[in-house]
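Chains as they are written, first to last, in the working numbering: chain A, 116 to 1016; chain B, 116 to 1016. A quick write-up on the structure given underneath.
2 protein chains.
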Amino acid sequence: MQRIYAFGGGTADGSASMKNLLGGKGANLAEMSSLGLPVPAGFTITTEVCIDYLAGFEEQRGLGRAPDMPLPDGLMDEILEAVGKVEAIQDRTFGGETKPLLLSVRSGGRVSMPGMMDTVLNLGLNDETVAALGELAGDERFAWDSYRRFVTMYADVVLGLHRTRLEALINEMKTSRGVTTENELTADDWKILVPRLKARVEESLGTTFPEDPVEQLAGAVRAVFRSWNTARARFYRKEHGIDDSWGTAVNVQAMVYGNMGDDCATGVAFTRDPKDGAAFFFGEFLINAQGEDVVAGIRTPQPINRLAQGVDPSLPTLDELLPEAYAELHRIHLVLESHYGDMQDLEFTIEQGRVFLLQTRTGKRTGAAAVRIAVDMANEGLIDRPEALRRVNEGHLNQLLHPTVDPDAERTVIARGLPASPGAATGKVVFTADEAVALAETGEPVILVREDTSPEDIHGMSVAEGILTQRGGQTSHAAVVARGMGRCCVVGCSEVVVHRDGSFTAMPKEGGGSWTIRAGDTITLDGGTGEVMLGEVAMSEASLESSGLDTLLEWADEAATMHVRANADTPADAETARGFGAQGIGLCRTEHMFFEEGRIMAVREMILADSLTERTEALEKLYPMQRSDFVGLFEAMDGLPVTIRLLDPPLHEFLPHTDAEIDELAGSMRVPASSIRAQVERLREFNPMMGHRGCRLGITNPEIYRMQVRAILDAALDARERGKIVTPEIMIPLVGVVAELKVLRALVEEEGEAVFARRKARIDYRIGTMLELPRACLTSDKIAEYADFYSFGTNDLTQTTFGYSRDDAKFLQTYIDPAVAVLAADPFVTIDQEGVGQLVRMGTERGRAVKPDLKVGICGEHGGDPASIRFVNGLGLNYVSCSPFRVPIARLAAGQAALDA
Amino acid sequence: MQRIYAFGGGTADGSASMKNLLGGKGANLAEMSSLGLPVPAGFTITTEVCIDYLAGFEEQRGLGRAPDMPLPDGLMDEILEAVGKVEAIQDRTFGGETKPLLLSVRSGGRVSMPGMMDTVLNLGLNDETVAALGELAGDERFAWDSYRRFVTMYADVVLGLHRTRLEALINEMKTSRGVTTENELTADDWKILVPRLKARVEESLGTTFPEDPVEQLAGAVRAVFRSWNTARARFYRKEHGIDDSWGTAVNVQAMVYGNMGDDCATGVAFTRDPKDGAAFFFGEFLINAQGEDVVAGIRTPQPINRLAQGVDPSLPTLDELLPEAYAELHRIHLVLESHYGDMQDLEFTIEQGRVFLLQTRTGKRTGAAAVRIAVDMANEGLIDRPEALRRVNEGHLNQLLHPTVDPDAERTVIARGLPASPGAATGKVVFTADEAVALAETGEPVILVREDTSPEDIHGMSVAEGILTQRGGQTSHAAVVARGMGRCCVVGCSEVVVHRDGSFTAMPKEGGGSWTIRAGDTITLDGGTGEVMLGEVAMSEASLESSGLDTLLEWADEAATMHVRANADTPADAETARGFGAQGIGLCRTEHMFFEEGRIMAVREMILADSLTERTEALEKLYPMQRSDFVGLFEAMDGLPVTIRLLDPPLHEFLPHTDAEIDELAGSMRVPASSIRAQVERLREFNPMMGHRGCRLGITNPEIYRMQVRAILDAALDARERGKIVTPEIMIPLVGVVAELKVLRALVEEEGEAVFARRKARIDYRIGTMLELPRACLTSDKIAEYADFYSFGTNDLTQTTFGYSRDDAKFLQTYIDPAVAVLAADPFVTIDQEGVGQLVRMGTERGRAVKPDLKVGICGEHGGDPASIRFVNGLGLNYVSCSPFRVPIARLAAGQAALDA
């Protein structure tokens, strides 16, 4: 078993495919070296060695032995042999009194764990080699500064003496010299200090600081192995789902210096612009500097060339200062991008005019850049279109679709809730829908804060920039409506308590503190993270007009086997959805029309009617309103199918709750308020989610469904008369027993025939049902006989399959906590494949077994979730339907799912 | 195709197996005749003839023809040939001037439709034969009375002249003679009247009354055919699920007369006593009377012998008056019972000393009689034990287990609700549990009337004779608790509105009227029918000590492959259950103990505790109480398994609701009432059925389950120390995700080991789970790994599979209405095999696929429903568990199910 893999000098033992054995960094260094790129030579000790070493270490610890242990037999010999190769390539000698080879020793796991594990730099320095280094650099101070850094780092990482113990000595020296920064200390100062540092090590630990470079190297390798098992590394792995058993590789590599003079530099570059994806070589550098200087921001880095917009003309660029080195770098960036087929983020150092590549990796990018790079690279032939589609994810599109909090902005997080609808919003707090409307009319941005929302809050939600609720889950009313509106929303924020006096208290579990926020105070919400922040926080705007998005989504549509429709309740929603590329309406919730001004009173009169005659009269008032809404929907969706669901919620949802509303209704209906109150009480339900709703209403109160069918088909004929192509689909909700659909299908057809006879015209339409109860899925073979199409209502199906009320499922936050991990994900966000998914599969397969051409879709919240889309694509569904603002994400996901199917 | 089947003279063309062709009556007459029993001779015209005739009739009506139609070609010739045979057997002549044969013409369908269809008696009388009949009977008045009855009946049934048109003439005659009853009219009076009746027929209809017996017979046969399709017959068939296409047979039979003198009699007899099943020949008769006289009750019938208890010594019996005829009847009853193998109800007539059997059928009987007869007959060898078990049904046992309203008692029904718990009760109305206790303490029987009940009403329910609720379904709290207590209960009585002022209004949909009932008024409930009645209504007591019941249930246990356990929450419940033969406890709901006096405060303190320390302190108060309850349970169930479910309901169910309760709790906890109110509000749930309950509590608040496990296992050790054999089974409720059970099983085991270490003793126990969510059934193959047993909670499984809240499912009354028929039965009463049953099957099969010896039971309400028991027996379940008072029914059903499997 090979334990050490060398790289450098244009060859390598390993390759990029060996990440498990060599770690990400080691594999990448090998790959770059094989490509002939100038990486500083070095070698990688495999993760297998680490695993063995740690196993032995744990065994020793179990026996009560000391917390260090020799390296495996013979390993040091192999290491020294590898060091020999490095010496040859780099033209340096390890421990040499001229041109000494100095080494870095770094960890490198299968997956990057930034900052979690240990590194030792400048290894190989001692009282002899430091002089040689000074000579080589022509800079004694540089050499001694490197030396003291090495001693401090080695003492901390390898010997276990906390760096503050040594920094105290440096501070003493600064005081005695009357200076404030280390940079002001001279080479002579460091010459005095280094022996003091070593003496402090000996005093504290009882061991001398190793002068022998070989001993230094062995200690550093052991320390890096051990750092895999520190508490902070273990915690990080648990948080990020990284397996404890993987271990880390150790990369030993020749040090190169960008700070050996003015023919030295160090920098970072991207093969394309990571902000907008523009296709030019982008990067920054500093002359005579170390890598950390670029990151630290003490000196302003300079652009490598003048291709970026807005480059300061007074700053010299790398192509001007070191044109040969720049040319080499330029060559390298082309090799890298064409080799990796993606935009690369690379780190380089120029040591005395010689370019070294320290690292390359796939570059992080904004959403806009991700889209543009993917489309450009496909057009350039660097990747194919399927790969372009795979390169863009939900997060990228969310950035394009919604404003987002600037990741670097300062913020005070006062509470965290569930991220229910993405985007960010700043505004003044209000506590009622009416206050929201009043304040918004003055032009102020508004954040609506509620304990929870109900359909009566919709007018307030529609004018608010963001919505925050104390209660409710990912599919609570607030969450569903906000996503439908593309409005930023945080729900289920139990760290907030809304008071009746027009204020709320925020007490975050993490971070502590307590705030009282009053109406009119400004807060910022992040609907992508669930953070609630004090005051205004800097954010970046949505940039939907990203270059390439339309193209990318067209490619997605071409690849997809499923259509993407939208859940849209109004003509305005429908137009938004069509703008985002929806291929029809998959769910129009007719009841959302009921809450509009001037309608709710008629709805209430209908519900509270004492006789069928009175109810019919009230329904007649609603009929023209519904008809005209439907005409608008059909017109907006000209040529595309429109699925309209008949009334679904329990009737009590429409009744008034406050005394004022009850009095108003009583006046309008000319009945005593007490009688209305009694009716409201009579209709109250213990578990409304499982109550008298959906098709159960259609069975007990057929007159409501009859009115709706009439409005739909009259509207369809109206729209057709205006030249539109109309495909209405009438959907019966909450069917659990085939007889429900049988009875209601007959009712729809009877009413349809009456409309057609009256209009002396016919129109083709379909009748289908929602599968949203376990029993419907279980008996889908029966139900299919009466259905032209199925649409899975996975919100309710998830509720009933798990027995979770989405409005009460606060315990889900505990369930998905990685420390508890009862569930891997919130099943209201990503479909539960194991349970709910079985029912979706069963419903689809059993339905199609009796009706092979049954059209099947999904219109729950999961219709906009990529993982869920991938799952239902695998089941052969015909379409997904989601809120308008999710349509682009769903189109992309549908395309990706089809490619991977 | 044979159209006519003759019977009489000891032979018959047909038999009892030909009910579809000959109708029930015709088939039975044929059977009796074949047995050599003396039935009056006659013949049956088949149902097929009726179907053909009516089809032709409908066709004619479709063509606008007259509403009568000739009989099929040749039928009349066959009829007359059959009449000839009757003449020969009976020694009479049809239309003869001496010894005239008179006939009855009756309908007779496959299933009896009492009073729904037409009959003509005394057919064959005319101005000539009437004289001959008078001579034969030696009673001219008898002949003319028969004649005028025939004319009136024939005019009504065959000619369509309503009988009131002719009765007017009889009334005129009574007036002119100065008499008040028809009995006072003489033969001469009838001689004057009969021609007047015929004249009135001719005036009204324009046709003469037929004198020709053959013409009379043809008309009567046609009329009986037509009567199949009257509106009332159609309605009756719809109500009783009888197929319209079956048609009726027509039975033409020689008339025999029990009223031709003192050597004549008529009566009804049973082969055993139908009240208690005692094995002797039981019956009543009247000398010189017609069958209707026995039924009408004008004369007091006499016992046929002196074998029954309490026979009036002054009344002569049949064996004394007509000993030869009695001997013949006695012979007949033995033949009949041994032939049919069941207790028979027979009608007989003695004409001039000659016994005729008019009818025999399986006799209706009380529950007590059913049990005794079944056991006796099996012991006598008349039937085998399986048949004995099949002879007794749920209704019979319900009569034994609960008092029932006397079916003949006068009553005023003021409302109808759902029959939730069988039995009947009379008492004074109270509206709160506390009032119930106070009034019951004075010795008054109490009926508790509530809008609905909650666990806080239990003390009132336990002292009430009966419970009536306005809301809730068959598995609402009231229904479940009442059944558990064996208490009469009517729920979901929406015809009642409970007012806050201590009264309720009742407005029945059927029958009309409106009543206001105040506290202290007396009402009667029938929990078997759902009727609410005014005042006290006569009832018969429960008679559990029925002779033979224990034997029958032992036979059931021997036959059964499933055990029957009880749902019992307290030691008292457990003792009741054991008395009824329960083979263990299948479900102990630990939370029911929480509501008892002195505990609820500790429970509330536990729930509202601010810190884990305070919660633990409150739990420590509950621990000894739970432990001592469990000891009681284990002792009562010595030697049998006891399944204890850990806490299931959402915590807010235990919190106070009224201001007074909140204040009391605040005082006890020394916190402000406002703080408690806020907590109550915070814990409120929109859909508590699907909320934070069951194992979800166990995950978020493990300290509660830990306390319960400790109490269970300490109690088990305590009971064993007292010499009991204890098998505890700890059941985790509401598991939907395998990780829930995995985590909680580990918790139970950890707590168990701690108990065992402290006690220095171990006890075997099992850990299992309820399958009550669709997801649990779907993933049962995963869950089984951590379960020693499964118990299907079919109440919740029905709720979630259908998406029905049992407390809100008023619409189910519409769904099961036969006119709507969305569902065949209430799925909360009888398991829905098609949907819920699939999940039960899946849960069982998938669980046993990975753990073949997995013990599986059912502990929902369905565990006491015979149809559901039959279903789960077919799935191979190991046991059912039901409320103690259902145990006998479940034992019987389990035995029956195994026999039929």
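Quick reminder that beta carbons are idealized off the backbone N, C-alpha and C, glycines included.
- If the five residues before and after A/D128 are omitted, its C-beta is found closer than 6 Å to the C-beta atoms of Y120 and A121, all from its own chain and listed in chain order.
- Residue-level contact by beta carbon fails for A/V795 and chain B, as no gap is shorter than 7 Å.
- For a cut-off of 8 Å, the C-beta gap from B/L702 to B/M721 is around 23 Å, too long to register as a contact.
- CA-CA distance, A/I931 to A/L583, rounds to 21 Å.
- The shortest C-alpha to C-alpha distance from A/S536 to any of A/R602, A/G382, A/V852 and A/P518 is the one to A/R602.
- B/Q424 is classed as exposed because its beta carbon has fewer than 16 other beta carbons within 10 Å across all chains shown.
- Closest in alpha carbon position to B/P215, among B/L240, B/L312, B/R225 and B/G223, is B/L240.
- Taking a C-beta distance under 7 Å as the contact criterion, B/G958 and B/S895 qualify as a contact pair.
- Sixteen is the threshold: since fewer than 16 other Cβ atoms of the shown chains lie within 10 Å of the Cβ of A/M116, the residue is exposed.
- Secondary structure at A/H614: strand, using DSSP grouped into helix, strand and coil.
- For the region 716-729 of chain A, no residue has a beta-carbon sitting nearer than 9 Å to a beta-carbon of chain B.
- For A/H678, the uninterrupted beta strand (DSSP E) segment begins and ends at H678 to N682.
- When the five nearest sequence neighbours on each side are left out, no beta carbon in the same chain lies closer than 8 Å to the beta carbon of B/A170.
- Nearest neighbour of B/F986 by Cα position, chosen from B/L755, B/V951 and B/E326, turns out to be B/V951.
- Looking at B/S577, B/D388, B/T547 and B/L433, the one whose alpha-carbon comes closest to that of B/A489 is B/D388.
- Around A/M846, no beta-carbon contact reaches into chain B at under 7 Å, the shortest distance being about 17 Å.
- By the neighbour-count definition (other C-beta atoms within 10 Å, threshold 16), A/I777 is a buried residue.
- Annotated three-state conformation of A/S222 is strand, per DSSP.
- With a cut-off of 8 Å on Cβ pairs, the region 967-975 of chain A is not in contact with the region 934-942 of chain A, counting fewer than three such pairs.
- Taking the C-beta atoms as reference points, A/G587 is found nearer than 7 Å to A/A593.
- Rounded to whole angstroms, the gap between the alpha carbons of B/V365 and B/T162 is 8 Å.
- When C-alpha distances from B/R797 are compared across A/H614, A/L281, A/G123 and A/D549, the shortest belongs to A/H614.
- Secondary structure at A/W343: coil, using DSSP grouped into helix, strand and coil.
- Neighbours of B/G851 in chain A, taken as residues whose beta carbon is under 9 Å from its own, are T916, F917, G918, Y919 and G950 in chain order.
- Residues of the region 807-835 of chain B with a Cβ closer than 8 Å to any Cβ of chain A, in chain order: H807, R811, I814 and T815.
- According to the DSSP assignment, B/M268 belongs to the alpha helix (DSSP H) that extends over E255 to Y269.
- Taken through DSSP and simplified to helix, strand or coil, B/N910 comes out as helix.
- Contact residues of the region 140-162 of chain A toward chain B are absent (C-beta to C-beta distance below 8 Å).
- The beta carbon of B/A555 sits closer than 6 Å to the beta carbons of V561 and V578 from its chain, once the five residues preceding and following it are set aside; these are given in chain order.
- Put simply, of B/N143, B/M268 and B/V245 the residue whose alpha carbon is nearest the alpha carbon of B/G223 is B/N143.
- DSSP places B/G958 inside the alpha helix (DSSP H), whose first and last residues are V951 to V965.
- As the crow flies, the alpha-carbon of B/E571 is around 47 Å from that of B/D491.
- Contact residues of the region 874-900 of chain B toward chain A are L888, P889, R890, L893 and T894 (C-beta to C-beta distance below 7 Å).
- About 46 Å separates the Cβ atoms of B/R680 and B/S360, ruling out a contact at the 8 Å cut-off.
- When DSSP states are grouped into helix, strand and coil, A/W361 belongs to the coil group.
- In this structure the region 539-556 of chain B does not touch the region 501-516 of chain B; the number of beta carbon pairs closer than 8 Å is below three.
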